[in-house]
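Numbering-wise (the working numbering), the sequence shown opens with residue 17 and increments by one.
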Amino acid sequence: VTEAHLDPRNLLLCTDDSHSATLVQEGHMDRVVRHAIAQGLAPILAIQMATINTAEHFGLSRELGMIAPGRWADIVLVEDLTNFQAGLVIARGQVVAENGRLLIDLPEVVYPGWALNSVNLKRPLRVEDFRLTAAANSTLTANVIGVIENQAPTRHLRIPVEAQDGEVRADPTNDLAKVALVERHQATGGVQLGLVQGFGLRESCAVATTVAHDSHHMLVLGTDDESMAAAANYLATMGGGQEVVRKGEVIGAVDLPIAGLISNERAEAVARKAETVLAGFRACGCEMNNPNMQLSLLGLVVIPDLRISDQGLVDVNHFQILPVFQ
17 VTEAHLDPRN
27 LLLCTDDSHS
37 ATLVQEGHMD
47 RVVRHAIAQG
57 LAPILAIQMA
67 TINTAEHFGL
77 SRELGMIAPG
87 RWADIVLVED
97 LTNFQAGLVI
107 ARGQVVAENG
117 RLLIDLPEVV
127 YPGWALNSVN
137 LKRPLRVEDF
147 RLTAAANSTL
157 TANVIGVIEN
167 QAPTRHLRIP
177 VEAQDGEVRA
187 DPTNDLAKVA
197 LVERHQATGG
207 VQLGLVQGFG
217 LRESCAVATT
227 VAHDSHHMLV
237 LGTDDESMAA
247 AANYLATMGG
257 GQEVVRKGEV
267 IGAVDLPIAG
277 LISNERAEAV
287 ARKAETVLAG
297 FRACGCEMNN
307 PNMQLSLLGL
317 VVIPDLRISD
327 QGLVDVNHFQ
337 ILPVFQ
């Protein structure tokens, strides 16, 4: 904006998915505004791009986006525009927070039964559900999802793999792991398999998640079938969320019992649990900056190049379903 001298009046600031620890430790839109200011944007322009610009874009400026008669009294008081740390927060005319403390009681929400029972498996997963069968003792070319750190797109890799005893196994020495998409909405029993490179898993381990954009089936990443089955079944009994199994033991987990996507606990508690998942990734050898986000995007079949879906591997560029082996 500053370097190209763009008119900021129709530019908006926003976030996409944010890690719970980021929200707790750094904030949400206030963090984005602070970052924009730190990059050289004038404070008033950064605030404009997070308030009135957004309200006007969505046709809500008669109610939101500015302090004026007839608008909702949603006001944040800060001592310094550059640091932009919320001091007093007013929502619809009521003081709701001050200096980082919530001053109101949030209403209790009763969630419907279907939302609290969203991991619907036809039966418990078995080790053989995660077995990639192939012609015995042969060399095959595999279509492999190549993860790019800190980016949503993936690469479509074609990697030679060895089949032994009628199956292709994960190969941690070459950073080759298995990925499975387990259908969890209609209890069809569907399990689709693939291979992925880029997570750096080195241990006997698996990670399972029901946060799996955009269909939010269950995704399981692992280096051996036993760990993958254990992770999937444990996540099902937990009601959804994310968890890590290493050498047969659950070493990190955050439960998300509402639709397998949402917690009913305070953000601080969720952040602490989410940190155990990140620590679990680290214990398994993954050094990615945000591995659980990278995992959650493997099923996002609207972004190139190669993804996994409940129909199998998807070549997003050519709108084709691909076999694992060619």
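All C-beta atoms in this analysis are idealised placements derived from N, C-alpha and C, irrespective of residue type, glycine included.
Neighbourhood of residue i by C-beta, 8 angstroms cutoff - its chain only, sequence neighbours within 5 removed
i      : result
Ala152 : Ala179, Gln180, Asp181, Gly182
Arg87  : Arg78, Glu79, Leu80, Gly81
Ser34  : His44
Glu303 : Gly216
Leu192 : Val160, Ile175, Val177, Ala186, Leu211, Val212, Gln213
Ala283 : Ser36, Leu39, Val40
Pro85  : none
Pro339 : Asn159, Gly328, Leu329
7 angstroms Cβ shell around residue i - same chain, five flanking residues per side excluded
i      : result
Leu27  : Val17, Met65, Asn69
Ala287 : Ser36, Ala37, Val40
Val92  : Ala102, Val105
Val346 : The first residue shown for the chain is 17 and the last is 342, placing residue 346 beyond what the model contains.
Ala150 : Leu156, Ala179, Gly182, Glu183, Val184, Phe341
His73  : Leu28
Ile83  : Ile91
Glu281 : none
Own chain residues within Cβ distance below 6 angstroms of residue i, not counting five before or after
i      : result
Phe100 : Asp46, Val49, Arg50, Val94
Ser154 : Ala179
Arg218 : Pro188, Gly301
Met254 : Asp271
Glu165 : Met304
Lys289 : Val270
Leu209 : Leu148, Ala196
Thr399 : Any property of residue 399 remains undetermined from this structure, which presents the chain solely from 17 to 342.
Beta-carbon spacing of residue i, residue j below 8 angstroms
i      : j      : result
Ile197 : Ile106 : The sequence as given places Leu at residue 197; Ile does not occur at that position. No, these two residues do not count as a Cβ contact at 8 angstroms.
Ala245 : Asp321 : no
Leu76  : Pro24  : no
Ala37  : Glu291 : yes
Ala248 : Leu148 : no
Leu122 : Ala113 : no
Ala168 : Leu313 : yes
Gly296 : Gly264 : no
Gln336 : Val163 : no
Bridge partners - residue i, DSSP secondary structure assignment
i      : result
Ser325 : Gly328
Asn159 : Arg174
Phe341 : Ala158
Met234 : Val198
Leu192 : Asp187, Gln213
Gly257 : Asp271
Gln3   : Given that the chain is displayed from residue 17 to residue 342, the structure contains no residue 3 and the question cannot be resolved.
Ala224 : Val236, Glu259
Thr346 : Here the chain has residues from 17 to 342 only, and residue 346 is not among them.
Leu118 : Ala113
Ala107 : Gln110
Val207 : Val198
Leu93  : Leu104
Val266 : Val261
Ile278 : Ile274
Cβ-Cβ separation, residue j to residue i (assumed contact under 8 angstroms), whole Å
i      : j      : result
His229 : Gly328 : With 8 angstroms as the limit, His229 and Gly328 do not qualify as a contact, their Cβ atoms being about 18 angstroms apart.
Val236 : Leu211 : About 13 angstroms; that fails the 8 angstroms criterion.
Thr31  : Pro59  : Between Pro59 and Thr31 the Cβ distance is about 19 angstroms, and since that is not below 8 angstroms, they are no contact.
Gln342 : Asn159 : 7 angstroms
Ser231 : Asp326 : 7 angstroms
Tyr250 : Val266 : 6 angstroms
Lys138 : Gly56  : 55 angstroms between Cβ atoms; not a contact.
Val4   : Leu156 : The requested residue 4 does not occur in the structure, where the chain is confined to residues 17 to 342.
Val293 : Asn306 : At roughly 11 angstroms, the Cβ-Cβ gap does not stay under 8 angstroms, so Val293 and Asn306 are not in contact.
Three or more C-beta pairs under 8 angstroms: does that hold for the stretch 241-260 against the stretch 222-230? yes
State whether the stretch 256-269 contacts the stretch 102-116, with contact taken as three or more CB pairs (one from each stretch) at a distance under 8 angstroms. no
Decide if the stretch 274-283 is in contact with the stretch 124-143; the criterion is three or more beta carbon pairs, one per stretch, under 8 angstroms apart. yes
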